[in-house]
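**Q** With the UniProt record's numbering, the residue at position 128 of the sequence shown is 128, and numbering never jumps. A virtual CB, placed ideally from N, CA and C, is assigned to each residue, including glycine.
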Amino acid sequence: MSQPRLGFCNPGPTASGAQQELVGAIGGSVTFPLTHSLDRIDSIIWFFGSTTLITIQPTMTNKPDTVIVTKNHNKGRLGFSHGNYSLKLSKLSKNDSGAYSVQIHSPSLQEPFVQEYGLRVYEHLSKPKITLGLKRNKNGTCVTNLTCFLERGGEDVTYSWKTLGKTSNESHNDSVLPITWTLREKDMTFICMARNPISSNSSNPIFVRKLCEGDCPSPFSRSLQSREQCLL
Numbered sequence: 001m002s003q004p005r006l007g008f009c010n011p012g013p014t015a016s017g018a019q020q021e022l023v024g025a026i027g028g029s030v031t032f033p034l035t036h037s038l039d040r041i042d043s044i045i046w047f048f049g050s051t052t053l054i055t056i057q058p059t060m061t062n063k064p065d066t067v068i069v070t071k072n073h074n075k076g077r078l079g080f081s082h083g084n085y086s087l088k089l090s091k092l093s094k095n096d097s098g099a100y101s102v103q104i105h106s107p108s109l110q111e112p113f114v115q116e117y118g119l120r121v122y123e124h125l126s127k128p129k130i131t132l133g134l135k136r137n138k139n140g141t142c143v144t145n146l147t148c149f150l151e152r153g154g155e156d157v158t159y160s161w162k163t164l165g166k167t168s169n170e171s172h173n174d175s176v177l178p179i180t181w182t183l184r185e186k187d188m189t190f191i192c193m194a195r196n197p198i199s200s201n202s203s204n205p206i207f208v209r210k211l212c213e214g215d216c217p218s219p220f221s222r223s224l225q226s227r228e229q230c231l232l
């Protein structure tokens, strides 16, 4: 009676640390930091998803390392540090967002050393625009709201408002700012600030007295978003 064969499964490379999250700007560059203590290295392979970006085979002499860049369009975009082989990616675009990893193959390791990364590429924010919501004036009190928005670059954006003119300056964290103002009060100024992980920008100042006493006057124009809103 034949004995059953035992099957052994070689485990694949395991991550050597938590995934590192990086951010970059369109047209800019980002460096994927690589830290290790290996003296002897056969090869370093950088991946974008499952696609090989660059393979580096270090030499133990003064000769240049062997470097293979897989895609021709990346040859002018990829570089690395000769000390620890951290990868630098230049001329970033939105398409570069995604998962990256590196494998270090060494004769002193049974399995490759692996580090994983996540990259998000963002646009620099344009100047925020502001719309005035439906306005009600009753008994000298103006009630309305201001909405802050971006025409482009609106991914992972947070909005905040700065109110100037009160006894103490106030802030409000939201894209919509509710306003209640009476003619007896002193004038106030509102500024919207938009931020994403790589940039920030501020709107032109909005003066509440002009806002509440006017009725979408020039240079106001109708917003395309709503007939009940004015684009300031």
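In or out: Q110 buried (at least 16 other Cβ within 10 Å) or exposed?
**A** Its Cβ having fewer than 16 others within 10 Å, Q110 is exposed.
**Q** Let me know if P128 comes out buried or exposed under the rule of 16 or more other beta-carbons within 10 Å of its beta-carbon.
**A** Looking at its Cβ environment, which holds 16 or more other Cβ atoms inside 10 Å, P128 is buried.
**Q** Quick check on the burial criterion: 16 or more other C-beta atoms within 10 angstroms. Buried or exposed for I68?
**A** By the neighbour-count rule (16 or more Cβ atoms within 10 Å), I68 is not buried but exposed.
**Q** Since L211 contacts T189 with CB under 8 Å, what's their CB separation in whole angstroms?
**A** Going by Cβ atoms, the distance from L211 to T189 rounds to 10 Å, so no, they are not a contact pair.
**Q** Where does residue 248 sit, in a helix, a strand or coil, going by DSSP?
**A** No answer is possible for residue 248: it lies beyond the span of the chain, which begins at 1 and ends at 232.
**Q** Please give the ranges of any beta strand (DSSP E) in the UniProt domain "Ig-like" (128-209), keeping only runs that are unbroken, at least 3 residues long and fully inside the region.
**A** Complete beta strand (DSSP E) runs here, min 3: 129-132, 136-138, 141-149, 158-164, 170-172, 176-182, 189-196 and 199-202.
**Q** Per DSSP, A99 forms a beta bridge with which residues?
**A** Paired residues: G118.
**Q** Using a 10 Å radius around the Cβ and a threshold of 16 neighbouring Cβ atoms, would you call L134 buried or exposed?
**A** Exposed, because fewer than 16 other Cβ atoms sit within 10 Å of the Cβ of L134.
**Q** For A25, which residues does DSSP report across the bridge?
**A** DSSP lists Y122 as partners of A25.
**Q** Would you give the residue range spanned by the beta strand (DSSP E) that K88 belongs to?
**A** Start and end: L87 to L89.
**Q** Given 8 Å as the limit, is there contact between the stretch 42-55 and the stretch 142-152, that is, 3 or more CB pairs closer than that?
**A** Short answer: they don't touch.
**Q** Find out if the Cβ-Cβ distance for the pair S101, Y117 is shorter than 8 Å.
**A** Yes; because the gap between Cβ atoms is below 8 Å, this pair is in contact.
**Q** Roughly how many angstroms lie between the CA atoms of L89 and R120, to the nearest whole one?
**A** One C-alpha to the other measures close to 13 Å.
**Q** So, helix, strand or coil for L38, using DSSP?
**A** Residue state, collapsed to three classes: coil.
**Q** Near T55, what residues of its chain come up, given a Cβ to Cβ distance below 7 Å and the 5 sequence neighbours on each side ignored?
**A** Counting only Cβ-Cβ distances below 7 Å, and skipping sequence neighbours, we find S43, I45 and I68.
**Q** Provide the residue span of the beta strand (DSSP E) that contains L78, from first to last.
**A** Start and end: L78 to F80.
**Q** Mind checking whether Y159 and V23 have CB atoms under 8 Å apart?
**A** Not a contact, by the Cβ cut-off of 8 Å.
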